[in-house]
Amino acid sequence: MREVHYSGPWGAVEIADYLKKTFVPMKLAAVSESGWPVLVSLWFYFESGCLICASRSHSRIISLLSKDCRCAFEVSGDTPPYSGVRGQGDVSLYNDPTGRILGRLHDRFLGAENTQFRRWLLDGADKEVIIFIKPVRLMSWDYTSRMSVSTTDNMAQ
Numbered sequence: 007m008r009e010v011h012y013s014g015p016w017g018a019v020e021i022a023d024y025l026k027k028t029f030v031p032m033k034l035a036a037v038s039e040s041g042w043p044v045l046v047s048l049w050f051y052f053e054s055g056c057l058i059c060a061s062r063s064h065s066r067i068i069s070l071l072s073k074d075c076r077c078a079f080e081v082s083g084d085t086p087p088y089s090g091v092r093g094q095g096d097v098s099l100y101n102d103p104t105g106r107i108l109g110r111l112h113d114r115f116l117g118a119e120n121t122q123f124r125r126w127l128l129d130g131a132d133k134e135v136i137i138f139i140k141p142v143r144l145m146s147w148d149y150t151s152r153m154s155v156s157t158t159d160n161m162a163q
């Protein structure tokens, strides 16, 4: 197992805290057969040092990751002051026919209510592939100190 290389203003604890508290989809990239990157946005959660997400078994991202387990990813908000985490990692793919992980992803982003969408999603759990990303590089950025309140107010106008 490779050791994680960290860069940027945050260490392992701050990065883990950010990934656990940030509720935006993760951008996940893989390299296609032609050499061009393919980028998707996926719900995720962070646990035990891994990013965990899911995609349909027939999706392009699953096809690419099954051929090459290397990926890149980013988790960051869209509003100032900007901060986030990006990195590279090794992927392992798993099936979860029980839908336990898929349910957890749904509940993290949409809440635990037993809605029609949640039932539909979990009914298709056998068609989903769980993506476990073990980071090998994590880079953080945090522009909070350089983006004063007046700067962010001006950007909103």
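The numbering of the sequence shown is the numbering used here, which starts it at 7 and goes up by one.
Glycine is no exception: its CB is placed at the ideal position from the N, C-alpha and C atoms.
- Between ASP74 and VAL37, the CB-CB gap stays under 8 Å.
- Restricting attention to beta strand (DSSP E) runs no shorter than 3 residues, the stretch 85-120 encloses them at 89-101, ordered along the chain.
- Between PHE115 and the set ASP23, TRP16 and MET32, the nearest pair of CA atoms involves MET32.
- Bounds of any alpha helix (DSSP H) do not take in VAL135; it lies within the beta strand (DSSP E) bounded by 134-148.
- Looking only at HIS64, GLY17 and TRP42, the smallest Cα-Cα distance to GLY55 is reached by GLY17.
- For GLY109, the closest of TRP42, SER98 and GLU134 by C-alpha to C-alpha distance is GLU134.
- In this structure, GLY90 is the residue among GLU9, GLY90, ILE107 and PRO86 with its C-alpha nearest to the C-alpha of THR28.
- Across the structure, GLY14 and TYR149 are spaced so that their CA atoms are roughly 11 Å apart.
- In chain order, LEU34, ALA36, VAL44, VAL46 and SER61 place their CB closer than 7 Å to the CB of ILE67, counting only its own chain and leaving out the 5 sequence neighbours on each side.
- CA-to-CA, the gap between ARG143 and PHE52 works out to about 15 Å.
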